[in-house]
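Residue numbers (my numbering): 7 to 376. Cβ atoms here follow ideal geometry from the backbone N, Cα and C, with glycine treated the same way. Predicted model only: the values in this text are computed from it and were never measured.
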Amino acid sequence: MNTSTYSRKDTNVLKGIGVLLLMMHHCLNKKYPFTLVLLKEPHAYLPYITDMAKVCVFIFLFASGLGMFRSFEKKLSAEGKPVKSTLRFELSHFIKFYQMFWFIYLIFVPLGTAFGRDPGAIYRHKTAYFLYDFFGISYIAKKVLFIPTWWYNSILLMCYLLMPLFFLFLRKLPKVVNAIVLGITIAVSLTLPYVREQSYVIYFVPFFLGMIAARYNIMESMRKVLSRNTVQKILKLLILLVLLTAFICVRLTLMKKAKYNYELDWIPAVLIALLADGYLPKETVVSRFLQTLGSHSGNIYLFHGFIYSLYFSKFFYSFEYAPLVYIFGIFLFLGVSKLFDVIKDAIGYNAAFKRLIDKVNGVSSEKKAA
């Protein structure tokens, strides 16, 4: 096992797992028209699975925090200009988000007129509401969302904005102070009395944890531990599985009536990340498929709700049985995402944004040629 670097491929595997859980959480919700084969009570246990699958959000944020820390660290090291590098890094990441988001937005929002979701009516004929959603900040501004799942846009953009501050904490403060900062953040996420404000802090925790994992090479350290001998590897596997099972039991029983029953879902997110990296065989068909799925996670998150829930629900659930619906959905969403990427390349959309990002990063045509 390679213990040197937790690479983008590894992050994409984790995001791919996140996509599988995202689809379980949304597409197999009991309010949709499907059944489970051979079961008289089709939804007896499924709600527990779909509820627990909400951990996908924490997995995505953990992976984002880890990846952004590594990218930012590399940029600072290469350029040696903290203020300018930070501004460039931040702006380029916001542009990359909008590059992905606006393409989906400009396809699916206007399409609403043909499916009973007139954008004008949704936005209450207010230009400001359209602009809030177009720039991904409707949730934080407490305004109208065209599709409910886009609340995540605001959380992700806030994490982008706070990333340099988290990075500064992790680079300049001692480990014990970072542990205290993390502890305070977790405590606030559990006790803050304001509904929406608490949800922000809850989601900052996995992002911060991802950055901590990158700062202290936690994933690489776990690889070294797991590579020592077979007995230790099996023992670590059992410990991780017991911890994950115990948390799921607590989450679905003792925590089920809490206002935010998912407020500690960063725990299973981290356990799943460790299990995936330590025990999922590398360079296999499964891992390569998860890498591909993870590389399309942003697109799939942004548009999947339009297909399964709003515009093509009858078609999506036409297979009726949950396993078939689920498998069909995986390949459908992946195919649509790949098609969108081909279209963006063909019409010069990606090229235009790349020129903009290069300009922000100070990459001239001469440098690229060199």
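Exposed or buried, R257, counting other C-beta atoms within 10 Å across all chains shown (16 or more means buried)?
buried
Using the Cβ count rule (16 or more neighbours within 10 Å means buried), how would you classify C255?
exposed
Where I192 and G73 are concerned, what is the direct C-alpha to C-alpha distance, given to the nearest angstrom?
Roughly 21 Å between the two C-alpha positions.
Which residue or residues does DSSP assign as beta-bridge partners of Y327?
T41
Counting only runs that start and end within the region 261-335, where is the beta strand (DSSP E) found for 3 or more residues in a row?
none
Report the rounded CA-to-CA distance for I224 versus G368, giving the unit in angstroms.
33 Å
For L260, count neighbouring C-beta atoms within 10 Å of its own C-beta (all shown protein chains included) and say buried if the count is 16 or more, exposed if not.
exposed
With a threshold of 6 Å on Cβ separation, who are the neighbours of I306 within its own chain once the five nearest residues in sequence on each side are excluded?
V25, F339 and S343
Between which residues of its own chain and K37 is the CB-CB distance below 7 Å, once the five residues before and five after are set aside?
none
Over what stretch of residues does the alpha helix (DSSP H) that includes T251 continue unbroken?
T236 to L258
Does the region 56-75 come into contact with the region 318-337, if we say contact requires no fewer than three beta-carbon pairs (one atom in each stretch) closer than 8 Å?
no
Decide if N131 is buried, meaning its Cβ has at least 16 other Cβ atoms within 10 Å, or exposed.
According to the sequence as given, residue 131 is His; it is not Asn. Exposed, because fewer than 16 other Cβ atoms sit within 10 Å of the Cβ of H131.
When the distance is taken between beta carbons, is L151 closer than 8 Å to Y145?
Contact flag set, yes.
How long is the line joining the alpha carbons of K242 and A69, rounded to whole angstroms?
Straight-line Cα distance between these residues: approximately 22 Å.
At the level of alpha carbons, what is the spacing between L308 and I278?
23 Å
So the alpha helix (DSSP H) H131 belongs to, where does it begin and stop?
Element bounds for H131: n/a, residue is neither H nor E.
Quick one: what's got a C-beta closer than 8 Å to D124's C-beta in the same chain, skipping five residues either side?
Its chain contains G118 as the residues whose beta carbon lies nearer than 8 Å to that of D124, once the 5 sequence neighbours on both sides are disregarded; these appear in chain order.
Leaving out five residues before and five after T92 in sequence, what residues of the same chain have Cβ atoms less than 6 Å from its Cβ?
P170
For R94, which residues of its own chain have a beta-carbon under 6 Å away from its beta-carbon, when the five flanking residues on both sides are left out?
V366 and N367
Less than 8 Å between C-beta atoms, sequence neighbours within five positions excluded: which residues of the same chain meet that for V231?
Q238 and K242
Excluding the five sequence neighbours on either side, which residues of its own chain have a C-beta within less than 7 Å of the C-beta of R221, listed in chain order?
F75 and L176
Pick helix, strand or coil for S13, following the three-state DSSP scheme.
coil
Please list, in chain order, all residues of the same chain as I101 whose beta carbon is under 8 Å from its beta carbon, the five residues on each side excluded.
Its chain contains F359, L362, I363 and V366 as the residues whose beta carbon lies nearer than 8 Å to that of I101, once the 5 sequence neighbours on both sides are disregarded; these appear in chain order.
Tell me the rounded alpha-carbon separation between F253 and W272.
Distance between F253 and W272, taken at the CA atoms: about 11 Å.
Going by alpha carbons, who is nearest to Y285 out of M228, T11, M164 and K80?
M228
Quick check: the Cα distance between S83 and S77, rounded to an integer number of angstroms?
10 Å
If we ignore side chains and look at the alpha-carbon of each, how far apart do I104 and I240 end up?
Residue identity differs from the one stated: residue 104 is Tyr in this sequence, not Ile. Roughly 44 Å separates the two Cα atoms.
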